[in-house]
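Numbering (this note's numbering), first residue to last: 30 to 863. Glycine included, each C-beta is placed from N, C-alpha and C at the ideal position. Presented below is the structure to which this report refers.
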């Protein structure tokens with residue numbers, strides 16, 4: 030059985046973190062399936078995932094083969110059953126779109142030939158440059174229903190709810206991604222007629238006529254011309270309406286797919302929708318995918334979202350991206366929906382096979398650690414094993430007639446190569462999977478701890494994929510949003526706040542009930558010049574009720590359609606004087622004032638200059654003396670307003686700003702560099718893990734404290750360059766009770782009070798630590814006798830210096846002479862010692 034509750038995946042009664050690897054059975058000879066699955070199990074996975082491509086399973090006459098009658102490798106049930114024999118769950122990804130570098134994104138060529146109306150046109154009537162389709166076109170839905178009717182029964186017979194191993198099913202893949210990538214929304218005649226009906230339901234006749242002057246929605250030809258080539262008078266309105274309509278349309282599409290799946294017998298397991306959006310190693314566009322797809326799963330029982338990201342190396346450049354991606358995903362989840370990742374990059378980066386890119390070995394390790402710390406309950410490493418692209422049944426004359434555009438071999442940079450050879454990332458992927466599994470039972474019950482702080486998420490800030498490119502106003506709005514919307518200008522605020530040690534989530538500011546001073550004492554907001562009137566009003570109410578705000582970007586002066594809206598501006602008592610930009614001829618600089626002083630004058634790239642009414646000026650532009658940073662009281666609340674991209678390496682400035690607003694970072698370290706990211710997780714029993722990531726290429730030695738209390742007995746933590754560690758606090762390793770929960774004779778509980786080393790394994794009567802480059806120290810609370818499996822073990826009973834408590838053992842593990850990673854085991858006897 031599988032259940033989803035309280036942001037946990039509960040499988041057969043136990044919370045789990047599912048660790049999966051993507052293995053494409055259709056790209057492997059059937060006799061190679063076992064080898065790839067064995068390598069996946071050896072790496073530490075408990076789940077295997079695979080696309081199930083319609084393109085491959087449909088034969089040349091339109092028949093669908095899922096039993097291997099045309100090719101042995103198409104026996105889907107046999108692959109799922111083989112995985113079960115090896116103790117693996119199966120995550121099914123049957124499309125209909127699958128991407129995976131397949132031609133037509135995995136759809137059969139026949140669909141486009143037989144149903145040309147499903148292939149959209151877009152702006153100005155131009156055909157779209159991708160093989161996307163109109164998702165709700167009747168002919169397309171009929172074909173998809175036929176595909177699901179063939180493939181879903183194979184999965185239904187093998188669901189975990191029926192004693193099988195199919196644990197979840199993804200519906201379609203990267204919905205809306207092709208339109209976003211190309212900037213060309215689907216504007217078929219069918220869609221435009223549906224859009225017209227949606228507009229009539231949303232607006233009365235007078236409002237609709239005023240909103241779209243001169244647009245005859247009832248005339249198909251006029252409607253098509255007026256929406257595909259919108260006039261400037263309503264291009265900004267169409268940007269908003271079309272974006273919201275597409276959200277609703279995607280939700281209808283996913284509901285239809287779910288209906289097809291359930292009609293074919295698949296129910297009782299989670300359905301997944303994966304969210305696309307990373308680009309060029311950054312997560313800045315990722316919330317576009319959240320914005321597009323959130324209505325497909327938000328608050329919908331049985332539905333989960335999963336991230337789909339390709340960030341390459343995790344560094345100080347993009348670590349805040351991943352942190353915000355997870356936080357923003359969670360902001361639109363309900364109380365039960367956990368985070369998952371259905372495409373978690375595991376390759377070495379040389380996907381073009383040109384030696385131009387090679388990721389650091391730490392990439393998969395660090396990203397895994399950050400994601401599980403933030404509550405991801407399923408990670409699917411993509412692509413885990415490469416393979417061979419077979420030729421299409423029917424030649425299409427495209428140069429090679431193979432199923433994919435990557436040539437004969439596919440996934441050559443994967444942890445397991447196309448021929449089964451171990452790739453460069455296999456060992457590090459396996460190491461981090463085993464590290465997570467070692468504490469998986471504890472970690473699966475934990476949530477990230479947050480300071481009294483959250484980042485504001487405005488989904489409509491990312492609803493920019495439907496902007497008409499010839500509209501001046503639409504381009505201006507989108508350009509301003511893109512500059513400011515993700516974590517503060519240039520990520521400065523988000524990076525600085527993480528470097529200052531803060532742990533935070535996110536809050537959906539478009540949810541009218543989500544923002545209160547009680548639930549979010551301090552709010553950070555990456556603010557643009559444009560912000561919807563209801564959100565501005567919500568922020569003002571929040572401030573007046575005692576909320577505190579750190580705003581970074583611009584004080585909004587317009588709503589998202591470019592109409593003047595100064596609600597927040599008026600409450601702050603400021604009047605914008607204009608925006609200045611620095612360049613190679615004008616060296617825009619700002620000077621600190623008020624509590625921000627004294628600080629050196631610093632260069633910035635832009636500043637929105639303000640005329641304050643009240644409050645304290647914190648930053649002034651050097652040349653004019655005009656303010657671009659303020660500390661303002663609003664009702665019972667307070668706001669620190671930064672309208673310039675003040676450098677993020679001045680971590681102390683951002684820390685002081687938040688402390689001025691009343692929130693301190695509870696978890697602190699004394700490392701001098703900003704490349705150390707630290708967070709923590711806790712469960713209801715008070716068991717905890719401190720997660721530390723060294724993003725720098727330099728070793729780090731540091732001590733940790735929490736709320737001014739020294740952690741780990743004041744002992745230092747040694748963390749090598751580009752590595753991470755999960756440090757235990759108050760973990761129950763042995764409850765010292767029998768099956769009836771009664772103390773057994775001669776037994777006392779064993780609790781690991783803390784350790785400066787990571788747990789490598791836990792088994793009855795013992796715990797193994799992964800030794801580091803420095804001395805590792807662990808404190809145990811037990812009356813049992815402890816000893817070790819290494820010759821120079823040091824055990825001290827009671828009176829632990831700096832952390833005195835009766836019944837404590839202090840265990841010292843010397844620095845590993847063989848380098849990091851050697852395992853040292855602490856063993857406890859079954860009877861108490863003296």
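For residue 637, list the residues DSSP reports as bridge partners. Looking up residue 637 in the chain shown gives position 608. Under DSSP, residue 637 takes part in a beta bridge, and its partners are 608.
Quick check on DSSP: helix, strand or coil for residue 520? For the purposes of this step, residue 520 is identified with residue 491 of the chain shown, where counting begins at 1. The answer is helix: DSSP assigns residue 520 an H, G or I state.
List the endpoints of the continuous beta strand (DSSP E) containing residue 781. For the purposes of this step, residue 781 is taken as residue 752 along the chain shown, with counting starting at 1. Start and end: 779-784.
Are the CB atoms of residue 150 and residue 156 nearer to each other than 8 Å? Within the chain shown, the letter at position 121 stands for residue 150. Within the chain shown, the letter at position 127 stands for residue 156. Going by C-beta atoms, residue 150 is nearer than 8 Å to residue 156.
Buried/exposed call for residue 678, threshold 16 Cβ in 10 Å: Within the chain shown, the letter at position 649 stands for residue 678. So residue 678 ends up on the exposed side.
Own chain residues within Cβ distance below 8 Å of residue 545, not counting five before or after: What you label residue 545 is simply residue 516 of the chain shown in a count that begins at 1. 571, 574, 576, listed in sequence order.
Can you find the residues in the same chain that come closer than 7 Å, C-beta to C-beta, to residue 181, ignoring five residues on each side of it along the sequence? To locate residue 181, count along the chain shown from 1; it is residue 152. 290, 293, 294, 295, listed in sequence order.
Find the nearest neighbour of residue 566 within the set 558, 582, 600, judged by alpha-carbon distance. The residue you call residue 566 lines up with position 537 of the chain shown. Answer by Cα proximity: 600.
Residue 825 and residue 838 - do their beta-carbons sit closer together than 8 Å? Here residue 838 refers to the residue found at position 809 of the chain shown. Here residue 825 refers to the residue found at position 796 of the chain shown. Taking 8 Å as the Cβ cut-off, residue 838 and residue 825 qualify as a contacting pair.
Outcome for residue 833 when other beta-carbon atoms lying within 10 angstroms are tallied against a minimum of 16: Here residue 833 corresponds to residue number 804 of the chain shown, with the count starting at 1. Only weak support exists for where residue 833 lies, its pLDDT of 43 falling under 50; the value from the coordinates is given anyway. Counting Cβ neighbours within 10 Å, residue 833 comes out exposed, since fewer than 16 surround it.
Report the rounded CA-to-CA distance for residue 610 versus residue 484, giving the unit in angstroms. Within the chain shown, the letter at position 581 stands for residue 610. Within the chain shown, the letter at position 455 stands for residue 484. Each residue's Cα considered, the two are about 26 Å apart.
Cβ pair residue 126, residue 201 closer than 8 Å: What you label residue 126 is simply residue 97 of the chain shown in a count that begins at 1. What you label residue 201 is simply residue 172 of the chain shown in a count that begins at 1. Their beta carbons are under 8 Å apart, which means residue 126 touches residue 201 by this criterion.
By the DSSP assignment, the alpha helix (DSSP H) with residue 430 in it spans what residues? Mapped onto the chain shown, residue 430 falls at position 401. Segment: none, residue 430 is in no alpha helix (DSSP H) and carries neither H nor E.
How should residue 108 be labelled, buried or exposed, when 16 other C-beta atoms within 10 angstroms of its C-beta is the threshold for buried? Against the chain shown, residue 108 aligns to sequence position 79. Residue 108 should be labelled buried.
Along the beta strand (DSSP E) that carries residue 581, what are the first and last residues, could you check? One-based indexing of the chain shown puts residue 581 at position 552. Taken as a continuous stretch (DSSP letters only), the beta strand (DSSP E) holding residue 581 covers 577-582.
Contact belief for residue 777 with residue 765 at Cβ below 8 Å, rounded distance in angstroms: Indexing the chain shown from 1 puts residue 777 at position 748. Indexing the chain shown from 1 puts residue 765 at position 736. Confirmed, Cβ separation roughly 5 Å.
Identify, in the order they occur along the chain, each residue of the same chain with its Cβ nearer than 6 Å to the Cβ of residue 207, setting aside the five sequence neighbours on each side. Position 178 of the chain shown, counted from the start, is the residue given in the question as residue 207. The answer, listed in chain order, is 159, 161.
Using the Cβ count rule (16 or more neighbours within 10 Å means buried), how would you classify residue 199? If you number the chain shown from 1, residue 199 lands on position 170. With 16 or more other Cβ atoms within 10 Å, it is buried.
Taking the alpha-carbon of residue 553 as reference, which of 579, 536, 336, 428 has the nearest alpha-carbon? For the purposes of this step, residue 553 is taken as the residue at position 524 of the chain shown. For residue 553, the nearest C-alpha among the options comes from 579.
I'd like the list of long-range same chain contacts for residue 823, defined as Cβ closer than 6 Å, with 5 residues on each side in sequence excluded. Mapped onto the chain shown, residue 823 falls at position 794. For residue 823, where only same-chain residues beyond five positions count, the Cβ hits under 6 Å are 841.
Near residue 466, which residues of its chain fall below 6 Å by C-beta distance, leaving aside the five closest residues on each side in sequence? On the chain shown, position 437 is the one that residue 466 refers to. Closer than 6 Å at Cβ, skipping near neighbours: 73.
Have a look at residue 457 and residue 393 and give me their C-alpha separation to the nearest angstrom. Sequence index remark: in the chain shown, residue 457 carries index 428 (1-based). Sequence index remark: in the chain shown, residue 393 carries index 364 (1-based). Here the alpha carbon of residue 457 sits roughly 7 Å from the alpha carbon of residue 393.
One question on the structure: do residue 324 and residue 279 come within less than 8 Å of each other, judged by their Cβ atoms? Locating residue 324 in the chain shown gives position 295, counting from the first residue. Locating residue 279 in the chain shown gives position 250, counting from the first residue. In this structure, residue 279 lies closer than 8 Å to residue 324 by Cβ.
Closer than 6 Å by C-beta to residue 625: which residues in its own chain qualify, once you throw out the five before and the five after it? Chain order, please. Indexing the chain shown from 1 puts residue 625 at position 596. If we look at residue 625 and ignore the five residues flanking it on each side, its Cβ neighbours are 647.
In whole angstroms, give me the CA-to-CA distance for residue 810 and residue 740. On the chain shown, residue 810 is found 781 positions in, with the first residue counted as 1. On the chain shown, residue 740 is found 711 positions in, with the first residue counted as 1. So the alpha carbons of these two residues sit roughly 16 Å apart.
Which residues in the same chain as residue 527 place their Cβ atom closer than 8 Å to its Cβ, once the five residues preceding and following it in sequence are excluded? As a working mapping, residue 527 is identified with position 498 in the chain shown. Around residue 527: 348, 349, 352, 706.
Helix or strand or just coil, what does DSSP make of residue 53? Indexing the chain shown from 1 puts residue 53 at position 24. Three-state DSSP puts residue 53 in coil, outside helix and strand.
Is the number of C-beta pairs between the stretch 61-76 and the stretch 121-138 that are closer than 8 Å three or more? No, the stretch 61-76 is not in contact with the stretch 121-138.
List in chain order: all unbroken alpha helix (DSSP H) runs of 4+ residues lying wholly within the stretch 288-352. Contiguous alpha helix (DSSP H) elements confined to the stretch 288-352 occur at 315-326, taking only those with 4 or more residues.
Three or more C-beta pairs closer than 8 Å, one from the stretch 187-196 and one from the stretch 219-239: is that the case here? In short, these stretches do not touch, since the Cβ pair count stays below three.
For residue 232, three-class secondary structure by DSSP: As a working mapping, residue 232 is identified with position 203 in the chain shown. In this structure, residue 232 counts as coil in the three-state DSSP scheme.
Checking 8 Å against the spacing of the C-beta atoms, do residue 523 and residue 516 come in under that value? On the chain shown, position 494 is the one that residue 523 refers to. On the chain shown, position 487 is the one that residue 516 refers to. The criterion of a C-beta distance shorter than 8 Å is satisfied by residue 523 and residue 516.
Beta strand (DSSP E) segment containing residue 256, residue limits: Taking the chain shown and counting its residues from 1, the one referred to as residue 256 is at position 227. Judged by DSSP secondary structure, residue 256 falls outside any beta strand (DSSP E) and instead within the alpha helix (DSSP H) spanning 249-257.
Excluding five sequence neighbours on each side, which residues of the same chain lie with their C-beta closer than 7 Å to the C-beta of residue 503? Along the chain shown, one-based indexing puts residue 503 at 474. For residue 503, where only same-chain residues beyond five positions count, the Cβ hits under 7 Å are 264, 265, 268, 496, 497.
Note the first and the last residue of the continuous beta strand (DSSP E) segment covering residue 840. Mapped onto the chain shown, residue 840 falls at position 811. Counting along the chain, the beta strand (DSSP E) containing residue 840 begins and ends at 837-842.
Is the distance from the Cβ of residue 603 to the Cβ of residue 641 below 8 Å? As a position in the chain shown, residue 603 is number 574, starting the count at 1. As a position in the chain shown, residue 641 is number 612, starting the count at 1. In this structure, residue 603 lies near residue 641, with their beta-carbon atoms less than 8 Å apart.
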